[in-house]
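This note's numbering puts the first residue of the sequence shown at 1345, with every later residue one more than the last. Quick reminder that beta carbons are idealized off the backbone N, C-alpha and C, glycines included.
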Amino acid sequence: MKENRLARINELLNNRQPDLTVFMDQVHKPHNLAAVVRTADAIGIGEVHAVRAEGAIHRCSGTAMGSDRWVTTHRYETFKEGIEVVKKQGMQVLAAHLSDKAVDFRSIDYTKPTCILLGAEKEGVTDEAANAADQHIIIPMLGMVQSLNVSVANSIILYEAQRQREAAGMYGTRKISDEVYERLVFEWLHPKIKRFCQKHKIRYPQLNEEGDIDDDAWQELRRNI
Ligand code: SAM
């Protein structure tokens, strides 16, 4: 059982795309936040970013179907704070934004380190966010309504990114660091012990190749608590 789970976790982590992310700027409806996270998980994104809308409580509803366990959401109080984190990672920031200077989302090279910036349900992308973006992208709208639901727009763009990255052979080889890999394997295989370590502020134990705890020094540490 543990071996199957470890194999599944390995497969998932080998597909992770650390240089692809989503930035939700004041998206506030829980089902939209959750749906964005769920699509991110589905295409191999492990970390997303979210700026809280004024007065809103950030939580994902059931739509995430547990994907919020596998995807970390970094939350910020201000746009400035969040965008600095993403820019420091060398990402091209693409605002999904229905502006005059937006280009067709299919004309972009998503094999580059990329952050997709999404706007709020009603207000869309703020001026501050539009100005901070390197480019604006649009999904063509040929009907009567002017925009898509934010999570639908996210899915369409991310699956284009996934298509390009798959064609470029960017899946199947581990790109996350050894440190992140080891931490996630441990946390996902041993969630109760993870909570124990966090509660008592002790390090995580070493695992053997089967994913079992194999660390005498850590056992001693645990006994002394
Ligand atoms: N009235 C808002 C506006 O004018 O931007 C509509 C907001 S839309 C419901 C929410 C977000 O979804 C947008 O800010 C954008 O990020 C994304 N979005 C929706 N439709 C889109 C489209 N056709 N192209 C690009 N992004 C889109």
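Buried or exposed by the 16-neighbour rule on C-beta atoms within 10 Å, applied to residue i
i, result
"residue 1405", "Here residue 1405 scores only 48 on pLDDT, less than 50, and its place in the model should not be relied on; the value that follows carries that caveat. Answer is exposed; the Cβ neighbour count stays below 16."
"residue 1370", "buried"
"residue 1502", "buried"
"residue 1506", "buried"
"residue 1487", "exposed"
"residue 1383", "buried"
"residue 1444", "exposed"
"residue 1412", "buried"
"residue 1495", "buried"
Residues near residue i in its chain [Cβ-Cβ closer than 8 Å; skip 5 each side]
i, result
"residue 1359", "1388, 1515 and 1516"
"residue 1550", "1557, 1558, 1559 and 1562"
"residue 1430", "1365, 1367, 1393, 1437 and 1459"
When the options are compared against residue i, the one with the closest alpha-carbon
i, options, result
"residue 1435", "1479, 1565 and 1386", "1479"
"residue 1525", "1486, 1357, 1453 and 1347", "1357"
"residue 1438", "1455, 1466 and 1474", "1474"
"residue 1428", "1476, 1416, 1415 and 1469", "1476"
"residue 1415", "1431, 1422, 1392 and 1432", "1392"
"residue 1350", "1381, 1506, 1444 and 1533", "1533"
"residue 1365", "1353, 1380, 1352 and 1529", "1380"
"residue 1417", "1390, 1432 and 1433", "1390"
"residue 1565", "1555, 1547 and 1495", "1547"
"residue 1385", "1518, 1519 and 1499", "1499"
"residue 1529", "1348, 1354 and 1347", "1354"
"residue 1541", "1567, 1433 and 1382", "1567"
"residue 1441", "1537, 1493, 1432 and 1424", "1493"
"residue 1518", "1346, 1361, 1352 and 1347", "1361"
"residue 1508", "1451, 1539 and 1489", "1451"
"residue 1470", "1490, 1348 and 1422", "1422"
"residue 1521", "1363, 1552, 1504 and 1461", "1363"
Any non-hydrogen atom of the ligand MN closer than 8 Å to residue i Cβ
i, result
"residue 1483", "With respect to the ligand MN, the structure shown offers nothing to examine, as its ligands consist of the ligand SAM."
As assigned by DSSP and simplified to three states, the class of residue i
i, result
"residue 1405", "Confidence is the limiting factor: at residue 1405 the pLDDT is only 48, short of 50, which leaves the residue's position unreliable, though a coordinate-based value still follows. Reduced to three states, the DSSP call for residue 1405 is coil."
"residue 1469", "coil"
"residue 1394", "strand"
"residue 1416", "strand"
"residue 1383", "helix"
"residue 1433", "coil"
"residue 1494", "helix"
"residue 1369", "strand"
"residue 1522", "helix"
"residue 1448", "strand"
"residue 1474", "helix"
"residue 1464", "strand"
"residue 1563", "helix"
"residue 1439", "strand"
7 Å Cβ shell around residue i - same chain, five flanking residues per side excluded
i, result
"residue 1448", "1482 and 1484"
"residue 1446", "1480, 1481 and 1482"
Residues near residue i by beta carbon distance below 6 Å, same chain, minus five either side
i, result
"residue 1544", "1569"
"residue 1531", "1538"
"residue 1552", "1558"
Worksheet item: Counting pairs of Cβ atoms below 8 Å between the segment 1371-1378 and the segment 1454-1471, do you hit three or more?
Response: yes
Worksheet item: Three or more beta-carbon pairs under 8 Å between the segment 1443-1460 and the segment 1498-1514, yes or no?
Response: yes
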